[in-house]
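So the structure is just underneath, and the comments pick up after that.
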Amino acid sequence: MHIETNASLKAYNTFGLNAKCKYLIKIHSTDSLQELIQSKLYKENPHLILGGGSNVLFTKDFNGIVIINELSGIEKTSENDETVNINAAAGENWHQFVLHCIENNWAGIENLSLIPGTVGAAPMQNIGAYGVEVKDVITKVNAINLETGEMEQFSNDECRFGYRTSIFKTSHKNKYFITSVDFTLSKKPHFNTSYGAIRQKLDEMGVKELSLKAVSDAVIAIRTEKLPNPEEIGNAGSFFKNPTVSQETFARLKKNFPDIPNYPQPDNKVKLAAGWLIEQCGWKGKTFDGYGVHKNQALVLVNYSLENGQPIYDLSEKIIESVQNKFGITLEREVNVY
Ligand SMILES: Cc1cc2nc3c(=O)[nH]c(=O)nc-3n(C[C@H](O)[C@H](O)[C@H](O)COP(=O)(O)OP(=O)(O)OC[C@H]3O[C@@H](n4cnc5c(N)ncnc54)[C@H](O)[C@@H]3O)c2cc1C
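Under my numbering, residues 676 to 1013 are what the sequence shown spells out, in order.
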C-alpha cells in the first residue's frame, strides 16, 4: 500500500483548495482497505474518505489519513425481461457509469448525467437532478464497517434516504466505507421529461423520438449552460439545500413575496428554491478577493484563487444569516465541511 505523506488535496477536491493531509492512501481493493483499517497508522489517526471530492469544502488541513476510493468494476448480476441488476464498485466515476448504462439501454439514471463524483458517494446524499433521485434505483448499498472491518449490506429502506441525505450522511457518517452499490434498472424506459427545461431542450435539439441518449444529451446541455465547470472555476455544485416549509409558513411568505417560486411536496410541505432566496438577498454574482457567488446560479459558491476554504465558509454563514433575516428561513448546507 502506497502512503503519501504531507500530501496536497488540491487535485482531490473540485473547489481546488490546497488543503494538506498527513497521509494520503489510494484504495484499489477491499483487501487493501481491510489491511489499512487493521494497521497501527489507521488506529492512531483520524480518517476521511474521498471519492471525487465534488461535495466537500476544506477550511483547514486534515490532520489524519485521507483515503481515496479507487475501487473499480461494473457487473451485471442478474436480469429478466423487464429489469437488470447491476453491481458497481464505489470508485467508479458516476457519469461514466451513467453513460455505460445508457449504451446498454438500461434506463433509470439518464437524468442524473454529468453529476460529478463517484458511484460510492451517490447514496451518501441521495444525489438527484431533473426529477430523479438515485434512491429510486438503488436496491442495496454494500459497505465495510470501519470499526469491525465487517462487510455489511444496507437495503434501500435501511439507507433512510431523504432529500440530499441518507444514513451515511447522518448517524453513519465516516463510520462506513461504501464499497459498491446495487442498482435495478429498467429495460423498458419510462422517460422522465417532466422538468420543463428538458422538454424545451429536446425540442431545441430537434429530437423527434425519445431515447435514453437524447434525454442524457439534453441534461448534459442544460447543465453545461447553467453550472460552472469545476475544471475552470472551483465549486461543489449547490452549496445549500432547497428548504421545505409548512403550508402556514409558505402562506406567510407568499403574502410578502408573491413571486416566490414554490414546489408542493407529497407530504403537504412546500419546497422553496434556495437560489432564489439567496438572489433576493443580493448575493448573486458577488465577487470577493478570490471567491464569490456564481453569476448565473446563486446556489453555487465559487473559488477563483483561494488556497484555503475558510472565506467560502464565512461567506456561506453570511448568506444563511441574510436569508434568515429577510425570509425567516434557515438554509442548510449541502456540502460537507472539513
Ligand atoms: C458542478 C457540480 C454539480 C453538481 N450537481 C449535483 C446534482 O445535480 N445533484 C447532486 O445531488 N449533487 C450534485 N453535486 C454534488 C456532488 O457531485 C455529489 O454529491 C457527488 O455524489 C459527490 O461525489 P464524490 O465522489 O465527489 O464525493 P466526495 O465529495 O468525495 O465525498 C462527499 C462525502 O461523501 C463521503 N464519501 C465519499 N465516498 C464515500 C464512500 N465510498 N464511503 C463512505 N463515504 C463516502 C465523503 O467522506 C464526504 O463526506 C454537484 C457537484 C458539482 C461540483
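Each residue gets a CB set at the ideal place from its N, CA and C atoms; glycine is no exception.
Under the rule that 16 or more other beta-carbon atoms within 10 Å means buried, what is Asn738, buried or exposed? Its Cβ having fewer than 16 others within 10 Å, Asn738 is exposed.
State the CB to CB distance for the pair Gly691 and Gly792, rounded to an integer number of angstroms; the pair is presumed to be in contact (CB under 8 Å). With 8 Å as the limit, Gly691 and Gly792 do not qualify as a contact, their Cβ atoms being about 15 Å apart.
Are the segment 873–887 and the segment 920–935 touching by the rule of at least three beta carbon pairs closer than 8 Å? No, they do not touch.
What residue from Tyr979, Val809 and Asn760 has the CA that sits closest to Asn693's CA? Here the closest residue by C-alpha is Tyr979.
Mind checking whether the beta-carbon of Ala893 lies closer than 7 Å to any heavy atom of ligand 1? For Ala893, the shortest C-beta to heavy atom distance toward ligand 1 is 7 Å or greater.
First through last residue of the alpha helix (DSSP H) which encompasses Glu719: Taken as a continuous stretch (DSSP letters only), the alpha helix (DSSP H) holding Glu719 covers Lys715 to Glu719.
Does the distance between the C-beta of Leu725 and the nearest non-hydrogen atom of ligand 1 fall short of 7 Å? Yes, the beta carbon of Leu725 sits closer than 7 Å to at least one heavy atom of ligand 1.
Distance, Ile761 Cα to Gln828 Cα: Answer to the nearest angstrom: the Cα atoms are 15 Å apart.
So does Ile702 have its beta carbon nearer than 7 Å to some heavy atom of ligand 1? Ile702 Cβ: outside cutoff for every heavy atom of ligand 1.
Identified DSSP bridge partners for Phe737: In DSSP, Phe737 forms a bridge with Cys696.
Check whether Gly806 and Ser861 have beta carbons under 8 Å apart: No, Cβ-Cβ distance for Gly806 and Ser861 is not below 8 Å.
What are the residues that DSSP puts in a beta bridge with Glu754? DSSP lists Val759 as partners of Glu754.
Is there at least one non-hydrogen atom of ligand 1 closer than 7 Å to the beta-carbon of Thr646? For residue 646 there is no data in the structure shown, the boundaries of the chain being 676 and 1013.
For Glu757, I'd like the list of residues in its chain whose CB is within less than 7 Å of its CB, leaving aside the five on either flank, ordered along the chain. Excluding sequence neighbours, Glu757 sits near Ser861, Lys862 and Lys863.
Per-residue burial, Thr854 [other beta carbons within 10 Å of its own, 16 or more giving buried]: Under this definition Thr854 is a buried residue.
Given Glu954, which residues of its chain have a CB within under 8 Å of its CB, disregarding the five upstream and five downstream residues? Here the set comprises Ala973.
Should Gly967 be listed as close to ligand 1, given that the test is whether its C-beta is under 7 Å from any heavy atom? It does not: the Cβ of Gly967 is nowhere closer than 7 Å to a heavy atom of ligand 1.
Report yes if the CB atom of Ala686 is closer than 8 Å to the CB atom of Asn730, and no otherwise. In this structure, the beta-carbon distance from Ala686 to Asn730 does not fall below 8 Å.
In the DSSP assignment, the beta strand (DSSP E) including Asn860 goes from what residue to what residue? A quick correction: the sequence has Leu, not Asn, at residue 860. In the DSSP assignment, Leu860 falls within the unbroken beta strand (DSSP E) covering Tyr851 to Ser861.
Cβ distance (whole Å) where Val977 is taken to contact Ser913 below 8 Å: A Cβ-Cβ separation of about 12 Å leaves Val977 out of contact with Ser913 under the 8 Å criterion.
Neighbourhood of Gly679 by C-beta distance below 6 Å, restricted to the same chain and skipping five residues each side: The question names Gly, yet the displayed sequence has Glu at residue 679. Closer than 6 Å at Cβ, skipping near neighbours: Leu699.
Report yes if the C-beta of Gly1003 is less than 7 Å from at least one heavy atom of ligand 1; otherwise report no. Flag unset: Cβ of Gly1003 not near ligand 1.
Do Ala948 and Lys916 come within 8 Å of each other at the CB atom, strictly closer than that value? No, the pair does not count as a contact, with Cβ atoms beyond the cut-off.
Could you check whether Val856 and Ala763 sit closer than 8 Å to each other, using their CB atoms as the reference points? At the C-beta level, Ala763 and Val856 come within 8 Å of one another.
Go through its chain and collect everything with a Cβ distance to His770's Cβ below 6 Å, but skip five positions before and after it. Taken in chain order, the residues that qualify are Leu789.
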